[in-house]
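Q:
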Amino acid sequence: MKRKFVFILSFFITACLLAGCSNYRELRDAAFIAGIGIDWLKEKQRYQITFQAFSPSPAGSSSSSGSGSGPPGSALFMAEGRTISEAARQASKKFSRMPDYSHVRIVIIGDDLAKSESLNFIFDVFERDANIRANIPVLIARGTSGKEVLSVIPATEHPVESINGKVKNSAKMQGENQATEVYQIINQLSSKGSEPTIGGISVVASKDPSSPNKKATKLSGMGIIKEGKLVGWLDGTKSKSISFLNNQIIQTNESIRCDSHQYTSVRITDSRSKIKVRMNSGRPEIVIHVNALGVLDEMLCNRKIMDYDVLHEYEQKTSNNILSHIRDGINQAKSQKSDIFGFGDILHRQHPEQWKKNENRWNDVFSKSKVSIHVNFNLHGTSMRIEPYPYK
Amino acid sequence: MKKKIRIGSLQFFCLIFLFELGSAVLFGMAKEARQAAWITIIFGIVSGCILFSVYLGLHKKYPDLPLTAYSRKIAGKYIGWGIGFAYVIYFSYLAVRVLRDYEELLVISQYHNTSLLTLGLYMIASIIYVMFKGFEVFSRVSQVCFFVFLFVGMPVIILELSAQLLQPANLLPVLENGWMPVLKAFFPSTLTVPFGEMVAFTMLLPYVKDHKTAKKIGYAGIIVSGLYLSFRTAMNIAAIGPDVRIRSTFPILTEIGLVEIGNFIQRLDAIVLVILVILGFVKIFIFFYCALLGISDLFNLNEPKKMIYPLGILIILSAVLVAPNFNTHMDIGFKIVPIYMHLPFQIAIPVLLLLIAIIKTKFKKSRTNQST
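Residue numbers (full-length UniProt numbering), protein chains in the order written: chain A, 1 to 392; chain B, 1 to 372.
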């Protein structure tokens with residue numbers, strides 16, 4: 001009996017002890033970092049890190065009290081350091097709470113850092129640290145700094161959520177701006193057969209009167225990286241080429257001319273690409289087949305869409321549109337000598353022995369490549385109406 | 001004597017399965033073979049079966065004795081005792097190594113500020129507790145663990161598939177540098193860990209019902225666990241690519257860390273960590289128990305349980321002292337241990353013992369033939 005009692009007692013005592021307080025952190029002492037901006041201070045030769053945290057609002061005060069009174073809790077602070085980790089520790093001098101990096105949602109790289117310094121090393125901490133994730137989207141602050149981008153405070157949302165939402169929506173709706181995640185960038189930086197592209201974000205004047213600091217952020221283009229440095233931008237429809245070739249298109253929209261000055265819109269709902277790369281007398285031959293499917297979703301001119309010929313003409317025009325996006329994108333990549341589409345990796349997969357001979361000068365070889373693109377677009381519907389309404 | 005310990009065939013299978021997965025899942029196998037890693041593991045299965053047939057051959061000759069006992073019968077009293085003692089040291093050292101692996105895993109991934117000693121203490125405390133309950137209890141525990149593994153491990157695979165993490169393109173090109181890297185990755189590292197580590201079962205085979213069951217279940221266990229490892233490795237490569245795999249300390253955690261479904265299902269590391277700790281528990285237990293069996297056999301102890309505490313404390317302390325840091329620990333584990341420890345203990349000595357045993361029986365037979 002006594003033995004049993006001792007056993008049960010020791011059970012409770014050890015249960016209390018084992019639950020433990022090692023590595024514990026109180027929620028009220030923690031600040032969850034949502035976004036990190038990384039800039040390069042040339043004069044000081046240091047990284048400047050901007051942290052945008054979810055600011056914990058004091059109990060009782062509702063943070064969503066209305067527009068004009070500022071957005072729901074965000075707190076911005078900055079620190080400098082020779083490494084990103086050093087800066088993160090330095091930040092403790094300026095911020096009262098323990099930063100927690102496990103919920104970082106976005107990383108923004110300053111223009112200067114991307115252009116003049118190399119991106120090669122800065123992602124190491126994201127891979128090495130066990131708390132921070134490697135699947136965080138990265139953006140480049142186009143023409144500005146990470147600090148500027150993160151300090152733009154929208155009226156209704158948390159700044160980081162606002163940026164994140166834009167990235168996700170734009171990728172889904174339009175396919176021009178893709179979110180490149182840290183681990184993908186690392187893979188592409190370390191691969192000889194591909195270079196990363198990183199989406200750009202710029203700060204523009206806001207027309208929204210409720211915006212607290214009259215500024216807004218806007219996604220713009222995809223940055224072309226070569227050997228760790230930002231060398232150019234793919235803008236507008238050209239940047240769709242990346243999504244088309246990487247099969248990342250979820251939806252996008254093509255405007256095709258239907259008479260002298262009016263356009264018809266086609267929504268692309270599905271697109272699959274097949275790429276073949278092989279070497280032919282020292283030049284890579286790249287053959288691209290794209291199969292796309294879509295519906296007509298807006299018609300601004302009066303044509304007999306029931307006619308097979310008209311339908312076929314639209315299909316043809318849409319195909320040509322897609323083809324020109326891809327061609328323009330590839331041409332720019334070729335002129336920048338940066339294989340952002342990963343054709344080298346495809347050659348590596350398809351013809352390893354040919355890749356071996358060219359892997360060390362792939363970017364030069366790639367710039368001489370011969371590209372043939374075949375697009376097959378099928379229109380599979382015209383939505384809720386067949387013919388447009390007749391107008392006088 | 002003590003009552004005879006008996007384990008069922010399903011329990012035996014679970015033991016082999018969890019034991020084989022052990023640290024192989026944790027560190028990722030045959031990283032140097034890049035995309036062909038899964039082929040290397042298939043080779044490993046074949047060679048593992050061949051090695052196991054050697055252990056089975058020894059078991060057939062001495063169905064009731066562990067390795068440390070029949071080594072004395074085969075190689076003579078003194079040499080055999082020496083061999084047995086070397087095996088005790090080998091098993092305890094492997095227990096130490098696996099314990100250290102798991103301590104490091106926990107410190108690196110979650111418990112950043114906890115000391116190795118503390119974590120080792122908890123692990124060994126639970127092992128010692130089960131050990132006092134006896135091996136039969138452990139084999140039943142391993143059966144439970146196996147089902148926990150199934151119910152937690154399989155959903156993780158499904159989640160990974162539904163997160164669209166796997167890119168089959170990562171698996172290509174296979175064998176771009178020919179067969180050499182595959183063979184290099186196979187010998188000695190894939191051969192010895194985990195397939196050669198089945199040598200621990202030479203101590204445990206006497207607990208299995210009869211030789212036939214040991215044979216059937218043993219091969220099944222090796223093949224099933226090997227195929228699972230091969231499949232999981234291919235998945236790992238498809239998810240994170242061969243380059244990241246080589247760079248990362250724990251490829252499986254890197255892989256799981258990328259799972260994100262709808263901003264909602266994410267951070268599955270903790271779940272996988274639970275599985276990894278279970279696997280570690282089984283593996284450390286088996287090595288620890290083999291060392292204990294060896295000691296009690298070599299020194300003819302009446303009460304082998306008395307040796308549990310000293311051995312446990314020794315293992316906890318050596319796990320901290322065995323290497324100054326993680327990188328040295330890994331370096332020793334991948335460069336020195338396979339060649340100087342695994343090869344002799346897993347292949348050379350058992351093969352030699354079997355050869356001597358076969359020659360001896362032949363010799364005896366001819367002598368009896370002559371006398372009649």
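Every residue, glycine too, gets a C-beta built ideally from N, C-alpha and C. Remember, predicted model here, so these are calculated numbers, not experimental data.
Any idea if Ser338(A) is buried or exposed, counting beta-carbon neighbours within 10 angstroms, 16 or more meaning buried?
A: So Ser338(A) ends up on the buried side.
Q: So what does DSSP say about Arg89(A), is it helix, strand or coil?
A: In this structure, Arg89(A) counts as helix in the three-state DSSP scheme.
Q: Using 10 angstroms around the beta-carbon of Ser69(A), count the other beta-carbons present and answer buried if the total reaches 16, otherwise exposed.
A: Because the pLDDT of Ser69(A) is 43, which lies under 50, any placement of that residue in the model is unreliable, and the number read from its coordinates should be weighed accordingly. Per the 10 Å Cβ criterion, exposed.
Q: Quick check on the DSSP output: what are the complete alpha helix (DSSP H) runs of length 4 or more inside the stretch 211 to 258 of chain B, in order along the chain?
A: 211 to 247 and 251 to 257, all fully within the stretch 211 to 258 of chain B.
Q: How many Å lie between Val375(A) and Leu323(A) at the Cα?
A: Rounded to the nearest angstrom, the two C-alpha atoms are 6 Å apart.
Q: With DSSP as the reference, label Arg100(B) as helix, strand or coil.
A: Three-state result, Arg100(B): helix.
Q: Residues bridged to Asp331(B) by DSSP?
A: In the DSSP output, where bridge partners are listed per residue, Asp331(B) has none listed.
Q: Beta-carbon separation of Val244(B) and Thr254(B) under 8 Å?
A: Taking 8 Å as the Cβ cut-off, Val244(B) and Thr254(B) qualify as a contacting pair.
Q: By Cβ distance below 6 Å, which residues in the same chain neighbour Ser61(A) in space, the five residues on each side in sequence not counted?
A: Caution is warranted here: a pLDDT of 43 is assigned to Ser61(A), below 50, making its placement in the model unreliable, and the coordinate value is therefore given only provisionally. Once the five neighbours on either side are set aside, Ser61(A) has no close Cβ partner at all.
Q: At what residues does the beta strand (DSSP E) containing Tyr263(A) begin and finish?
A: Per DSSP, Tyr263(A) belongs to the beta strand (DSSP E) from Tyr263 to Asn280.
Q: With a CB to CB cut of under 6 Å and the five nearest residues on each side skipped, what residues in its chain are close to Gly120(B)?
A: Counting only Cβ-Cβ distances below 6 Å, and skipping sequence neighbours, we find Leu99, Glu103, Ile316 and Ala319.
Q: Compare the C-beta of Ser190(A) against all C-beta atoms of chain B and say whether one is closer than 8 Å.
A: It does: the Cβ of Ser190(A) has a partner Cβ on chain B nearer than 8 Å.
Q: Checking contacts by CB at 8 Å: is His348(A) closer than that to chain B?
A: By this cut-off, His348(A) is an interface position.
Q: Apart from the five residues on each side of it in sequence, which residues of its chain come closer than 6 Å, Cβ to Cβ, to Ile249(A)?
A: Hits under 6 Å: Gly175, Ser243 and Ser271.
Q: Specify, as a first and last residue, the run of the beta strand (DSSP E) that Asp259(A) falls within.
A: Here Asp259(A) belongs to no beta strand (DSSP E), and DSSP marks it neither H nor E.
Q: Mind checking which residues open and close the alpha helix (DSSP H) that includes Trp179(B)?
A: Per DSSP, Trp179(B) belongs to no alpha helix (DSSP H) and is neither H nor E.
Q: Is the shortest distance between the beta-carbon of Ala36(B) and the beta-carbons of chain A less than 8 Å?
A: Cβ-Cβ to chain A under 8 Å: no for Ala36(B).
Q: Can you tell me which residues form a DSSP beta bridge with Leu293(A)?
A: For Leu293(A), which the question treats as bridged, DSSP gives the partners Asp270(A) and Asn378(A).
Q: Give the DSSP-derived three-state secondary structure of Ser63(A) in the structure shown.
A: The predicted position of Ser63(A) is uncertain, since its pLDDT is 43 and thus under 50; no value can be drawn from it.
Q: In this structure, what does DSSP give as the bridge partners for Val371(A)?
A: Paired residue(s): Ile286(A).
Q: Tell me the start and end of each unbroken beta strand (DSSP E) in the stretch 89 to 146 of chain A that is at least 3 residues and wholly inside, in chain order.
A: Here the runs fully enclosed are 98 to 100, 106 to 109 and 137 to 141.
Q: Just checking my contact of His351(A) with Met306(A) at CB under 8 Å: how many whole Å lie between their CB atoms?
A: With a Cβ gap of about 47 Å, His351(A) and Met306(A) do not count as contacting.
Q: Closer than 8 Å by beta-carbon distance: list the chain B residues that pair up with Ala134(A), in chain order.
A: Near Ala134(A) (Cβ distances below 8 Å), the residues of chain B are Thr254, Gly257 and Leu258.
Q: Which of the three DSSP states is assigned to Ser74(A) in this structure?
A: Strand, per DSSP.
Q: Can Ile106(A) and Leu76(A) be called in contact, C-beta distance under 8 Å?
A: Cβ distance not < 8 Å, so Ile106(A) and Leu76(A) don't count as in contact.
Q: Taking the C-alpha atoms as reference points, what is the distance between Leu119(A) and Ile109(A)?
A: So the two alpha carbons sit approximately 9 Å from each other.
Q: From the DSSP secondary-structure annotation, give me the bridge partner or partners of Ile33(A).
A: Beta-bridge pairing links Ile33(A) to Ala53(A).
Q: Excluding five sequence neighbours on each side, which residues of the same chain lie with their C-beta closer than 6 Å to the C-beta of Gly66(A)?
A: Caution is warranted here: a pLDDT of 39 is assigned to Gly66(A), below 50, making its placement in the model unreliable, and the coordinate value is therefore given only provisionally. No residues qualify anywhere along the chain.
Q: Could you give the first and the last residue of the continuous beta strand (DSSP E) run that contains Ala216(A)?
A: Start and end: Lys215 to Lys226.
Q: Kindly list, in the order they appear in chain B, the residues whose Cβ is closer than 9 Å to that of Pro99(A).
A: By Cβ distance, chain B contributes nothing, its closest Cβ being about 14 Å from Pro99(A), past 9 Å.
Q: Measure from the C-beta of Leu106(B) to each C-beta in chain A and report whether the shortest distance is under 8 Å.
A: Chain A, which has no Cβ nearer than 8 Å to the Cβ of Leu106(B), makes this no.
Q: Taking contact to mean at least 3 C-beta pairs separated by less than 8 Å, is the stretch 115 to 129 of chain B in contact with the stretch 329 to 336 of chain B?
A: Contact fails: fewer than three Cβ-Cβ distances are below 8 Å.
Q: If we cut at 8 Å on Cβ distances, does Gly218(B) have a partner in chain A?
A: For Gly218(B), the answer is no, since every Cβ of chain A falls outside 8 Å of its Cβ.
Q: Since Leu113(A) and Asp39(A) should fall inside the 8 Å C-beta cutoff, what is the C-beta to C-beta distance between them, to a whole number of angstroms?
A: Confirmed, Cβ separation roughly 6 Å.
Q: From Ser71(B) to Tyr78(B), what distance separates their C-alpha atoms?
A: Distance between the alpha carbons of Ser71(B) and Tyr78(B): 10 Å.
Q: Listing by chain order, which chain A residues have their CB less than 9 Å from the CB of Pro173(B)?
A: The answer, in chain order, is His348, Arg349, Gln350, His351, Pro352 and Trp355.
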